[in-house]
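Enquirer: The structure that follows is given in the form of structure tokens.
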Ligand SMILES: Nc1ncnc2c1ncn2[C@@H]1O[C@H](COP(=O)(O)OP(=O)(O)O)[C@@H](O)[C@H]1O
Ligand SMILES: [Mg+2]
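Numbering (our numbering), first residue to last: 759 to 1083.
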């Protein structure tokens, strides 16, 4: 459904925009219908930038993103964007920042009505809103006609998801939507995502929390400094991590409930040389090699994998190395 092909994003920073900051480098992956893909990486690794490119909030420097076969860079005119956002929506980390404190929280619904359903009667619209609140397990009397400060983070977050559901979207970018919630609401929102997936939504679940990724996603993409270092079926990436960065991440999570920040604080700062050396020897990205079915790892060469005993070389020396029996 959604495909990223060799996407790059370079920000111009510094005085007069003279310095290039490569935030996303040569990223490719896809998300299918009814599937949750986790995008995992530490702070600053480019996760939000990828989410924003998918949502057309930030232009792609190079590469393509296609949604149901449509190159989203061609979506420019107002009516095209409107059609795109009917299918693709995002919910971001801090729910409070998505609300204007001086307006009631359900104003976020009104803007959808004005834009997409101007013809609906009051009662038709009320019915639709109620159905979508029901989808996210919110009681209308608890959340309608309330100001943002009267609601909890979990309620505001679920309101934003309900808003996205009013449009019958096919794809949701969920950028760290769980991190800010307290433990009791986290599981509710997580279960909600599980239900949406079961209804056929594709979800890009952006997180720095390995346990959440492990819990919710079919496939995982590990980002390091804007590059994919490993990706594939979650149970393969988590169960048989090959890239040293992924291994380090997983080794440092003895209990899956622990949060990334806690773990990071205890770790020595990772040595970028070690991972960058693996990722890039000459400034170019290392190719992703398929080490087993649906499991790709960035390594400088197949020889490297063979040397470390993680793959056997294909006879012609070109094809991806099959896994060791
Ligand atoms: N609008 C911007 N202008 C310049 N640099 C940016 C901008 N947005 C993000 N960056 C930089 O791009 C990198 C990736 O940021 P981001 O995508 O927010 O990472 P993450 O979501 O993984 O924490 C960071 O170095 C960040 O400082
Ligand atoms: Mg972010």
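For each residue, glycine too, the CB sits at the ideal point set by N, CA and C.
Quick caveat: nothing in here was measured; it's all calculated off a predicted structure.
For residue 864, which of helix, strand or coil comes out of DSSP?
Expert: Residue 864 falls in the coil class under three-state DSSP.
Enquirer: Taking just the CA atoms, how far does residue 847 sit from residue 813?
Expert: In a straight line, the C-alpha of residue 813 is about 7 Å away from that of residue 847.
Enquirer: Do you know whose CA, among 823, 1003, 960, lies nearest residue 977's CA?
Expert: For the residues 823, 1003, 960, the minimum Cα distance to residue 977 belongs to 960.
Enquirer: Quick one: measure Cβ to Cβ for residue 771 and residue 777, integer angstroms, because I've assumed they're closer than 8 Å.
Expert: Yes, they are in contact, since the Cβ atoms of residue 771 and residue 777 sit about 5 Å apart, within 8 Å.
Enquirer: Short of 8 Å in beta carbon distance, which residues of its chain neighbour residue 914, apart from the five on each side in sequence? Order them along the chain.
Expert: Counting only Cβ-Cβ distances below 8 Å, and skipping sequence neighbours, we find 853, 854, 856, 857, 863, 906.
Enquirer: Rounded to whole angstroms, how far is the Cβ of residue 894 from the Cβ of residue 920, which I believe are closer than 8 Å?
Expert: Confirmed, about 5 Å.
Enquirer: Among 849, 1056, 1046, whose alpha-carbon lies nearest the alpha-carbon of residue 938?
Expert: Taking only the C-alpha atoms, the option nearest residue 938 is 849.
Enquirer: Look at residue 804 and residue 789 and say whether their C-beta atoms are less than 9 Å apart.
Expert: Not a contact, by the Cβ cut-off of 9 Å.
Enquirer: Give a single yes or no on whether residue 933 has its beta carbon closer than 8 Å to a heavy atom of ligand 2.
Expert: Yes, ligand 2 has a heavy atom inside 8 Å of this Cβ.
Enquirer: Kindly confirm or deny that the segment 870-885 and the segment 961-974 touch, where touching means at least three C-beta pairs closer than 8 Å.
Expert: Contact between the segment 870-885 and the segment 961-974 is absent, because fewer than three Cβ pairs lie under 8 Å.
Enquirer: Helix, strand or coil: which one does DSSP assign to residue 1040?
Expert: The pLDDT assigned to residue 1040 is 45, lower than 50, so where the model puts this residue is not dependable; a value taken from the coordinates is nonetheless given after this. In the structure shown, residue 1040 sits in coil (DSSP, three-state: anything other than H, G, I, E or B).
Enquirer: Whether or not the segment 993-1008 and the segment 816-835 are in contact is what I'm after, with contact meaning three or more pairs of Cβ atoms, one per stretch, closer than 8 Å; do they touch?
Expert: With a cut-off of 8 Å, the segment 993-1008 and the segment 816-835 do not count as touching, because too few Cβ pairs lie within range.
Enquirer: At what residues does the beta strand (DSSP E) containing residue 1002 begin and finish?
Expert: Here residue 1002 belongs to no beta strand (DSSP E); instead the alpha helix (DSSP H) covers 1002-1009.
Enquirer: Would you tell me roughly how many angstroms separate the C-alpha atoms of residue 898 and residue 1044, rounded to the nearest one?
Expert: Approximately 51 Å, taken between the alpha carbons.
Enquirer: Taking C-beta to C-beta, are residue 909 and residue 887 nearer than 9 Å?
Expert: It is not a contact, given that the beta carbons lie outside the stated cut-off.
Enquirer: Closer than 6 Å between the C-beta and any heavy atom of ligand 1: which residues qualify, listed along the chain?
Expert: Listed along the chain, these residues meet the criterion: 769, 771, 779, 781, 799, 801, 802, 803, 804, 805, 806, 807.
Enquirer: Rounded to whole angstroms, what's the CA-CA distance from residue 871 to residue 957? Just pull it up for me.
Expert: When rounded, the distance between both Cα atoms is 23 Å.
Enquirer: Use the C-beta contact count for residue 945: other C-beta atoms within 10 angstroms, 16 or more gives buried, fewer gives exposed.
Expert: Per the 10 Å Cβ criterion, exposed.
Enquirer: Round the Cβ separation of residue 896 and residue 917 to the nearest angstrom and send it over; I've been treating them as touching at under 8 Å.
Expert: Going by Cβ atoms, the distance from residue 896 to residue 917 rounds to 7 Å, so yes, they are a contact pair.
Enquirer: Quick check on this structure: which residue in 769, 773, 775, 795 has the alpha carbon closest to the alpha carbon of residue 762?
Expert: Nearest of 769, 773, 775, 795 to residue 762, Cα basis: 795.
Enquirer: Does residue 907 come out as helix, strand or coil in the three-state DSSP assignment?
Expert: Three-state result, residue 907: helix.
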